[in-house]
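Worksheet for the structure shown next.
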Amino acid sequence: MKQANRLSGGLIDRSATLNFSFDGKSYQGHAGDTLASALLANGVRLMGRSFKYHRPRSVLTAGSEEPNALVELRSGGRQEPNTRATVAEIYDGLTANSQNRWPSLERDFMAINDRFSNFLSAGFYYKTFMWPRAFWEKLYEPIIRKAAGLGSLTGEGDPDVYDKGFLHCDLLVIGAGPAGLAAALTAGRAGAQVIIADEDFRLGGCLLADTGSLSDQSGADWVEQAQAELAELPNVRVMPRTTVFGSYDHGVYGAVERNADHLIAPEADKPRQTLWRIYSKRALVAAGAIERPIGFENNDRPGVMLAGATRAYANRYAATPAQSVVVFANNDDAHQTARDLIAKGVEVPAVVDIRPEAPAIEGIEVLAGAQIIDTKGRLGLSSVTVRLANGQTRVIPCGALAMSGGWNPNLGLTCHQRGRPVWNDNIHAFVPGQGLPSGQSVAGAAMGEMSTHAALTGGAAKAVEALSDLGISATPADLPKAEDAPVTLTPFWHVSGAKRAWLDFQNDVTVKDVKLAHQENFTSVEHLKRYTTLGMATDQGKTSNVGALAVMAELTGKSIPDTGTTIFRPPYTPVSMGTLAGRAVGKEFHPTRLTPSHKWAEEQGAVFVEVGNWLRAQWFPQKGETHWRQSVDREVLATRNSVGICDVTTLGKIDVQGADAAEFLNKIYANGFAKLPVGKVRYGLMLREDGVAYDDGTAARLAEDHFVVTTTTANAVVVYRNMEFARQCLWPDLDVQLISTTDAWAQYAVAGPNARKLLQKIVDPEFDISNEAFPFMGCAEITVCGGCRARLFRISFSGELAYEIAVPTRYGDALMRQMMAAGEEFNVTPYGTEALGVMRIEKGHAAGNELNGTTTALNLGLGRMVSTKKDCIGNVLSRRDGMTAEDALNLVGLRPVDASKSVPAGGHLMSASGPVDAAHDQGYVTSAAYSPILESSIGLGFVKSGFDRMGEQLRLVNPLEGQEVLVEIVSPHFVDPEGEKLRA
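Rendered as structure tokens:
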């Protein structure tokens, strides 16, 4: 298959011929091609359509700044929209399609928008679709939504895996052009930990596109040599195909490594892309510069490209957009493009240079002082019209136009923390200012150092400087000799008098649109951006912003720096949602946390339930049990009659240490903790700022300056977060430190009349846990099983004699097995969350159902716990009139008058007679269960003035399911109301 525009040379591998398709048509390219270069080599110029007017477009650039050639890659679940053809590597079997067109790229029906461009100018969406009002929802909005967007999604699941990782380094070098490579060599040879990352699949940057030599070798050869040395250094990590997309606080950078985008599919279990969080002590931005276009009539036709990109396609990819290329420029750098094209056998009919004193080029006609004022060609460039210096016009037939309005340093990463660039009159462009992110420096073309020599020496010098800050001694690497030509450029932004000269190619913003924004007084750069949508496309205006600012500066009579500039935000280039999600998809969308006894519970055939991110044993069915209630009833009875064990590791655990730990907890909890003795545990209630109760738990004092706080499973994170906020912001002067230890300790509840006997078999003999030595609400640090450190708390959630024992998590499974073996003589029974819930309802303990974000200490029957002798979070607001009403809801117990009836959770309570409606609502049921001890269904609920209505009968109704049960208000403490068992 012939490639009509394939040139000789280049850095492609001609021995590897790759087959790919574009819009259903088959083509061939070579290893080392991008989709854009391969299409150009095959004579394809038309690659896309613009967003608003659907004008035909081809590639403008050769890098990630590409605004035009956005395509859809692959198919099915792997389909990826809005991929820049300029950075997509081809591989055998690649399928690509154009987008934003219907029914085809050549015949796009939506191109009719271009005919109505006078009605679709900048800001049209602020002025139209406003009447008649009824048309908006049924006519305007559906049409706009259908026309909006660029690429499409298949709706199928992505079969590939994405990963996340963390890296650390002394110096992060961003960009592997001459400055980046010089910096990496310098730092690598000094022994520093170095990461060098580049978005391209080959290192080298501009050295791959230029024909200039470095000493006695080509730029590509020097790059290969430098890369080989870096690969041999164990302290250097080389990361091609890696885009550093964001600069964040504390030297953290986000990066995306495209591990398998160049393959038809990733290897099994290998990621397609990896999101890296890079922690750097110092970072050097060597991201190069981006060429800017010139605005003139119809400067957006397929075949109109940037001169540097044209040179890159010719020298690196051995491809040309056409066999006849005109060059239009205001600088000497573009002249090198003309020379390189001639050397490759491409015809250059003329170099149109706006400078009257433009230098001559041997063998090429240079039209000094001339300007291109128009182009021709429907789906591709066929000719350009030139206005000569003497005012005459001339039409030059050509298939491509290489234009250059100068170069802009690539500022993206320097602005991500609000850094403001400053204007440099020497290169007529913005360069990084003083407000760089901490630890960041800039070198090479990104700093405005446009020659190869300046880039090499600047990169090495900045590396030495960065390492010196870290106390690492380094000397600049030995560097080759390179060109050091000064920037020769005459500022020129657009051809005056053009009707439609494009600035932002993707969003169809023209010079005329900027003039309209000025006319309507949107002269601020931020207003200009939003009014015209300039720089708001996927390329963030990398090629368009400065040109538009220059036009606005002309209109306002200000200089460009006085006009101002917008700044860039992360990500530098688009990041796929799959990459951001990583492996957190499907079952792994939330991490599954397993308790220390999970493996043992699986062996026992436990049924598990999701509790937040935790997977907990719900019950342990035994042979012959056919219903979950049978298992739960057995577990409850066995525990209350002998002993049971439950894994309660999921309860939040927070270590609180420091001289002021007691004072701190005294402010956190509603009840007092300042005088809690060492070796004691106290139940505590936490209030929100508005006085509503939001969590309860215990605090155990292990030493004068050491507490262990427990929270509910559901609120473990929020309690820790609130405590940390209080420590840092409310009482920063207190000597107190916090750390979550939920995952650090495995914890088990051992409950029942034989709980002490079981524990005495595993607790080391030097620790006396008798009732006299270790009473109810005691705590201690002990050892078990012959020296394993542990913590023991005598607390009870079941109402039985009970303990909670904790060991380091690594010993959690072993402890469970040891306790089960030790408890065989007592017929020890493991119990799950269902039995746990039944026993806590029997005992009347409030849990998440009662702590629902609307209840107060008074509602819960804990009003006396809110101390009036001290201040604490929520104390004052808990005493508001509405929170202390005489007819407030009170937590009570509920039993059906007919024991055969069940208590439906969520049901509402009504008077024994009367209407059933919200106006007569007396309360509601929060928790319900069947009690095998009482052989009856029971419940907890809130009833108005419930404490004063003991023995009263109410109707419990569930209108949705047609249920109605007569219940009696009783004490919430169904079992052992005096607490004799737990103190036994």
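Counting the sequence shown from 1 gives a position; our numbering is that position plus 26.
Backbone N, C-alpha and C fix where the C-beta goes; we use that ideal spot for every residue, glycine too.
Asked	Found
Integer Cβ distance of Leu179 from Asn108, believed to fall under 8 Å	At roughly 11 Å, the Cβ-Cβ gap does not stay under 8 Å, so Leu179 and Asn108 are not in contact.
Contact set for Asp947: own chain, Cβ-Cβ below 8 Å, skip 5 residues either direction	His934, Leu935 and Met936
Those runs of the alpha helix (DSSP H) which lie wholly inside the stretch 142-189 and span at least 4 residues	150-153 and 167-173
Asp722 versus Gly710 - alpha carbon distance	6 Å
Neighbourhood of Thr768 by C-beta distance below 7 Å, restricted to the same chain and skipping five residues each side	Gly678, Lys679 and Ala742
Residues bridged to Pro834 (per DSSP)	Trp771
Simplified DSSP state of Phe852, which is helix, strand or coil	helix
Start and end residues, alpha helix (DSSP H) containing Thr212	Pro204 to Arg215
Cβ neighbours of Ala832 in the same chain (closer than 7 Å, five flanking residues each side left out)	Trp771, Ala772, Gln773, Ala816 and Arg817
Burial state of Phe135, where buried means 16 or more other Cβ atoms lie within 10 Å	exposed
8 Å CB neighbourhood of Asn667 in its chain, flanking five on each side removed	Gly778 and Pro779
Counterpart residues of Cys898 in DSSP-defined beta bridges	Its beta-bridge partners do not exist; DSSP assigns none.
Residues sharing a beta bridge with Glu323, DSSP	Ala527
For Leu992, three-class secondary structure by DSSP	strand
Length of the line joining the Cα atoms of Asp790 and Leu784	12 Å
Val951 beta carbon less than 8 Å from that of Gly967	yes
Nearest candidate by alpha-carbon position, reference Arg981, set Glu98, Pro922, Phe531 and Gly1005	Pro922
Ranges of the beta strand (DSSP E) found wholly within the stretch 627-700, counting only runs of at least 3	633-637, 640-645, 670-673 and 678-683
Gln763: first and last residue of the uninterrupted beta strand (DSSP E) it sits in	Gln763 to Ser766
Ser76 vs Gln545 beta-carbon contact at 8 Å	no
Residues that DSSP places opposite Pro297 in a beta bridge	Val187
Cross-strand partners of Asp134 (DSSP beta bridge)	Pro129
Cβ shell of Tyr837 (< 6 Å), same chain only, five flanking positions each side left out	Cys814
Limits of the alpha helix (DSSP H) - the one that Tyr117 falls within	Tyr117 -> no alpha helix (DSSP H), and no H or E assigned at all.
4-residue-minimum alpha helix (DSSP H) runs that sit fully inside the stretch 576-624, ordered along the chain	586-589 and 603-607
Boundaries of the beta strand (DSSP E) in which Gly710 is found, first to last residue	Val707 to Leu713
Status (buried if at least 16 other CB within 10 Å, exposed otherwise) for Leu211	buried
Ala216 beta carbon less than 8 Å from that of Ile671	no
Val392 - partner residues in DSSP beta bridges	Val377
Cys232 in three-state terms, based on DSSP	helix
For Asp366 and Thr514, the rounded distance between their alpha carbons	19 Å
Contacts around Lys811, its chain only, beta-carbon distance under 7 Å, and the 5 residues preceding and following it disregarded	Per the sequence shown, the amino acid found at residue 811 is Cys instead of Lys. Within the same chain, Cys811 has close Cβ partners Ile788 and Gln844.
DSSP beta-bridge partners of Cys195	Ser306
Same chain, Cβ closer than 8 Å to Ser130, neighbours up to 5 away in sequence not counted	Asp49
Exposure label - Ile221; buried when at least 16 CB within 10 Å	buried
Nearest-angstrom Cα separation, counted from Leu240 out to Trp248	7 Å
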